[in-house]
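If you read the sequence shown in my numbering, its first letter stands for residue 1, the second for the next number, and so on.
Ideal Cβ positions, reconstructed from N, Cα and C, are used throughout, including at glycine.
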Amino acid sequence: MGGAMTDDQAREQLRQRNAVLREQVGAMLEDVKTQCEALSQAQALVAASTGEALSADGLARVTVDASGVVVCVDLVAETFTRTTPTKLAQSITEAARDASAQVRSKTAEIMAPIAGLGSRIPDLPDLVPGAPSIRNLVPSMATEMPAEPQAALEYDDESAWGAAILREAHRE
Numbered sequence: 001m002g003g004a005m006t007d008d009q010a011r012e013q014l015r016q017r018n019a020v021l022r023e024q025v026g027a028m029l030e031d032v033k034t035q036c037e038a039l040s041q042a043q044a045l046v047a048a049s050t051g052e053a054l055s056a057d058g059l060a061r062v063t064v065d066a067s068g069v070v071v072c073v074d075l076v077a078e079t080f081t082r083t084t085p086t087k088l089a090q091s092i093t094e095a096a097r098d099a100s101a102q103v104r105s106k107t108a109e110i111m112a113p114i115a116g117l118g119s120r121i122p123d124l125p126d127l128v129p130g131a132p133s134i135r136n137l138v139p140s141m142a143t144e145m146p147a148e149p150q151a152a153l154e155y156d157d158e159s160a161w162g163a164a165i166l167r168e169a170h171r172e
C-alpha cells in the first residue's frame, strides 16, 4: 500500500483540515468581537469629546461638541467696553476655530489605534485558497479629519457703519 490513500486516511486528513479551519475562524470571530468592542468604546469617547478655546484677546471662550458645533460662548464682563462688534465676532470665530481644531485632534488621537485593527484579520483567501477577497466589502473607517475651514475675511465694521445691508436693494 505505497502511495494510495484509503478512504479512512482521506477522511482523517479532511477532519484535521476542518479542525484547523474552525480554530482559525473561531480566532477570527474573537478578534472581530474585540475590535467591535474597541470601536464602540472609541466612538463613545469621541461622542463625549469637547473642545474649548479662549480667544487671543481673552474676551471670548468657546466650547464645541464632538462635531465642532458651538455649544457655549462665554464673554468677559468688560467685553462690550473693550471692543467693537466686528472685533468681538472675530474673537468668537477665532476661539471657535481653535476649539474645533482641538476636538478634531482629540478625535484623531482616540481613533488612531482603531484604524489598523482591520488589517490584523485574515482575509477569506488566507483561509480558503481560491476564495474571493472579502476585505473590500466593508468600507474603511474614516480616521482622517476634514481640512481646517478657511479663515473668514477681515471686515472693518468701523468704516461700514451705516452702509446698506442689501447691496443693490435700491435698484429695480
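Requested in this report: Alpha carbon to alpha carbon, how far is Val-71 from Ser-100? Give it in angstroms, no decimals.
Outcome: If you take the alpha carbons of Ser-100 and Val-71, they lie about 11 Å apart.
Query - Separation of Asp-57 from Gly-26, as counted between CA atoms - result: Looking at the two C-alpha atoms, the distance is approximately 59 Å.
Report task. Round the Cβ separation of Ala-115 and Arg-61 to the nearest angstrom and send it over; I've been treating them as touching at under 8 Å. Result -> The pair is not a contact, with the Cβ atoms about 32 Å apart (cut-off 8 Å).
Report task. Could you spell out the range, first to last residue, of the beta strand (DSSP E) harbouring Gly-51? Result -> Its beta strand (DSSP E) spans residues 51-54.
Query raised in the report: What three-state label does DSSP hand Ala-38 in the structure shown?
Result: Helix.
Query - Option nearest Arg-104 by Cα separation, candidates Ala-44, Val-64, Ala-38, Gln-16 - result: It is Val-64.
Query raised in the report: Since Leu-124 contacts Pro-132 with CB under 8 Å, what's their CB separation in whole angstroms?
Result: The Cβ separation is near 7 Å, so the contact holds.
Query raised in the report: By Cβ distance below 7 Å, which residues in the same chain neighbour Cys-36 in space, the five residues on each side in sequence not counted?
Result: The answer is none, since no qualifying residue turns up.
Report task. Express the C-alpha separation of Ile-110 and Leu-45 in angstroms, rounding to a whole number. Result -> Cα to Cα, the separation comes out at about 7 Å.
Query raised in the report: Would you call Ala-19 buried or exposed, if buried means 16 or more other Cβ atoms sit within 10 Å of its Cβ?
Result: A residue is called buried when at least 16 other Cβ atoms come within 10 angstroms of its Cβ; Ala-19 does not meet this threshold and is exposed.
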